[in-house]
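Residue numbers (our numbering), protein chains in the order written: chain A, 1 to 232; chain B, 1 to 128.
Below is one structure, written out as structure tokens; comments come after it.
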Amino acid sequence: MRIKMRIRRFNPETDSSPWWGEYWVDVEATDRVLDALHQVKWYQDGTLTLRRSCAHGICGSDAMVINGRNALACKVLMQDVGDVCQVEALRSMPLIKDLVVDMEPFFAKYRAVLPYLINEELPAAGERRQSQEARARFDDTTKCILCAACTTSCPSFWANEDYIGPAAIVQAHRFIFDDRDTAADLRLRALNDVDGVWRCRTVFNCVQACPREIDVTRAIGEVKLALMNGGD
Amino acid sequence: MAALVESIYKGITYRGAEGQWAWILHRASGLGIALFLYMHIVSIFVAAIGPGPYAWVHATLYTSPPAKVLEVFLLFGVLYHAANGMRIIIIDFFPTLGKYQRTIVRIELVLVAVVLVPAAIITLHSLF
Ligand code: SF4
Ligand code: FES
Numbered sequence: 001m002r003i004k005m006r007i008r009r010f011n012p013e014t015d016s017s018p019w020w021g022e023y024w025v026d027v028e029a030t031d032r033v034l035d036a037l038h039q040v041k042w043y044q045d046g047t048l049t050l051r052r053s054c055a056h057g058i059c060g061s062d063a064m065v066i067n068g069r070n071a072l073a074c075k076v077l078m079q080d081v082g083d084v085c086q087v088e089a090l091r092s093m094p095l096i097k098d099l100v101v102d103m104e105p106f107f108a109k110y111r112a113v114l115p116y117l118i119n120e121e122l123p124a125a126g127e128r129r130q131s132q133e134a135r136a137r138f139d140d141t142t143k144c145i146l147c148a149a150c151t152t153s154c155p156s157f158w159a160n161e162d163y164i165g166p167a168a169i170v171q172a173h174r175f176i177f178d179d180r181d182t183a184a185d186l187r188l189r190a191l192n193d194v195d196g197v198w199r200c201r202t203v204f205n206c207v208q209a210c211p212r213e214i215d216v217t218r219a220i221g222e223v224k225l226a227l228m229n230g231g232d
Numbered sequence: 001m002a003a004l005v006e007s008i009y010k011g012i013t014y015r016g017a018e019g020q021w022a023w024i025l026h027r028a029s030g031l032g033i034a035l036f037l038y039m040h041i042v043s044i045f046v047a048a049i050g051p052g053p054y055a056w057v058h059a060t061l062y063t064s065p066p067a068k069v070l071e072v073f074l075l076f077g078v079l080y081h082a083a084n085g086m087r088i089i090i091i092d093f094f095p096t097l098g099k100y101q102r103t104i105v106r107i108e109l110v111l112v113a114v115v116l117v118p119a120a121i122i123t124l125h126s127l128f
């Protein structure tokens, strides 16, 4: 099928503001938006700049706004986009070029929640054992691939880019509720900030955007409750 | 200001679902209620000017057809803001209910309609 791609282009060296480029592509119904972007880049305009790596929904590098909604270009099929496929870079992130944004502010927030296991005690018999129930407690939030689709779909984040954002809270949740970890207090303190969890207004755009189908708002809600109850 | 306009633009052009529209309506109804309160204070203050103007505002202006229609909007704003506030509180205390949020928004709208429709009929009755 023949589909029109509308791509929001921006070259900082020549453009003063972004503009919409239009390209026609021939695709199979089961091709993905990423394949259509490749067609444009490989056969029509080599200057089109985008980020992608795995092409299988696991590296999280090709999140973008597809027909008005955040998604991974490598996970959306052309048969689901209609006759016109409109693609733009993630919102509220510094735009570098075309579909590429600067992820550094996003990763700075990720680092702020100490996203690694902290436990100074030596494990008893060479490894830390964990029951299946304890592991299940944070299973959902282990699935995050840090694509930023959730954070950049959030109205609270559009209004205030200092908001730590759903992705960082999801990552904090993964360790706060891990019974092998001992630093929940540190993370909860970071999230109790004015720009922490309380900026969440339960809009649920993050849940809709997450390509890993993580129940993001639930994770945020559990962190809010943990704070209210004074710990985990 | 530019940042505000930009974030409103982002809100309108992003294809969020029930949650996003419920949130936008919550903000809009909150602003509407706040505006009404200011208007209310001003119209009560008219009593300080004299009984004549006060009576005109309340008996003539407030009973005119446009004011009656605005009153229905006010009713909707108050009912919606209250119902949606309850929804947010419920989800905040029971985060696991989040997966039913779309259904909860719909139930909320039905409840608002059940109260709003008879109330609107009573309010607008005098116009016909
Ligand atoms: S929670 Fe989902 S949407 Fe957010 S960064 Fe992780 S994988 Fe992406
Ligand atoms: S390219 Fe890796 S997630 Fe899409």
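Glycine residues also receive a C-beta, built at the ideal position from the N, C-alpha and C atoms.
Delimiting residues of the alpha helix (DSSP H) encompassing residue i
i         : result
Ala63(A)  : Segment 63-66 is the beta strand (DSSP E) holding Ala63(A); no alpha helix (DSSP H) there.
Gly21(A)  : Segment 19-26 is the beta strand (DSSP E) holding Gly21(A); no alpha helix (DSSP H) there.
Val203(A) : Val203(A) -> no alpha helix (DSSP H), and no H or E assigned at all.
Arg104(A) : According to the sequence shown, residue 104(A) is Glu rather than Arg. Counting along the chain, the alpha helix (DSSP H) containing Glu104(A) begins and ends at 104-112.
Gly77(B)  : 65-93
Phe175(A) : 165-176
Thr123(B) : 101-124
Leu117(A) : Unbroken run through Leu117(A): none, as it is neither H nor E.
Ser156(A) : 155-159
Leu37(A)  : 33-39
Ala55(B)  : 51-55
Terminal residues of the beta strand (DSSP E) in which residue i lies
i       : result
Asp5(A) : Residue identity differs from the one stated: residue 5(A) is Met in this sequence, not Asp. 2-9 is the span of the beta strand (DSSP E), which, as asked, contains Met5(A).
DSSP three-state assignment for residue i, whether helix, strand or coil
i         : result
Gln130(A) : coil
Glu6(B)   : helix
Lys143(A) : helix
Ala71(A)  : strand
Cys85(A)  : strand
Arg15(B)  : coil
Leu95(A)  : strand
Asp232(A) : Reliability of the predicted coordinates at Asp232(A) is poor, the pLDDT of 47 falling under 50, and the value obtained from them is presented with this limitation in mind. If DSSP states are grouped into helix, strand and coil, Asp232(A) belongs with coil.
Val76(A)  : coil
Arg187(A) : helix
Arg218(A) : helix
Val194(A) : coil
Arg27(B)  : helix
Arg135(A) : helix
Arg52(A)  : coil
Glu213(A) : coil
beta-carbon residue i near ligand 1 non-hydrogen atom, thresh 7 Å
i         : result
Ile90(B)  : no
Gly230(A) : no
Arg111(A) : no
Leu146(A) : yes
Leu170(A) : Just to set this straight, residue 170(A) is Val in the shown sequence, not Leu. It does: the Cβ of Val170(A) is within 7 Å (strictly closer) of some heavy atom of ligand 1.
Ile214(A) : yes
Pro95(B)  : no
Ala108(A) : no
Ala89(A)  : no
Ala17(B)  : no
Pro115(A) : no
Cys210(A) : yes
Ala251(A) : Lying outside 1 to 232, the shown extent of chain A, residue 251(A) is not represented and no answer is given.
Pro155(A) : no
Pro166(A) : yes
Closer than 7 Å: residue i CB and nearest ligand 4 heavy atom
i         : result
Ile176(A) : The ligand content of the structure shown is limited to ligand 1 and ligand 2, which means ligand 4 is not among them.
Query raised in the report: So which residues touch the region around ligand 2, with touch meaning a C-beta under 6 Å from any heavy atom?
Result: Arg52(A), Ser53(A), Cys54(A), Ala55(A), Gly57(A), Ile58(A), Cys59(A), Gly60(A), Ser61(A), Asp62(A), Leu72(A), Cys74(A)
Query raised in the report: Using Cβ-Cβ distances below 9 Å, what residues of the region 13-36 of chain A are close to chain B?
Result: none
Query raised in the report: What residues in the region 8-27 of chain B have a beta carbon less than 7 Å from any beta carbon of chain A?
Result: Lys10, Gly11, Thr13, Tyr14, Arg15, Gly16, Ala17, Gly19, Gln20, Trp23
Report task. Determine which residues of the region 152-165 of chain A have a Cβ less than 8 Å from any Cβ of chain B, and write them out in chain order. Result -> Ser153, Pro155, Trp158, Ala159
Query - Interfacial residues, the region 92-114 of chain B to chain A, with Cβ spacing under 7 Å - result: Asp92, Pro95, Thr96, Gly98, Lys99, Gln101
Query - chain B contacts from the region 56-78 of chain A (Cβ-Cβ distance under 9 Å) - result: The region 56-78 of chain A vs chain B, Cβ under 9 Å: Val65, Asn67, Gly68, Arg69, Asn70.
Report task. Check each residue of the region 179-203 of chain A: if its Cβ is closer than 7 Å to any Cβ of chain B, include it; give the result in chain order. Result -> Against chain B - using a Cβ distance shorter than 7 Å - the residues of the region 179-203 of chain A are Arg201, Thr202, Val203.
Report task. Check each residue of the region 64-88 of chain B: if its Cβ is closer than 7 Å to any Cβ of chain A, include it; give the result in chain order. Result -> Ile88
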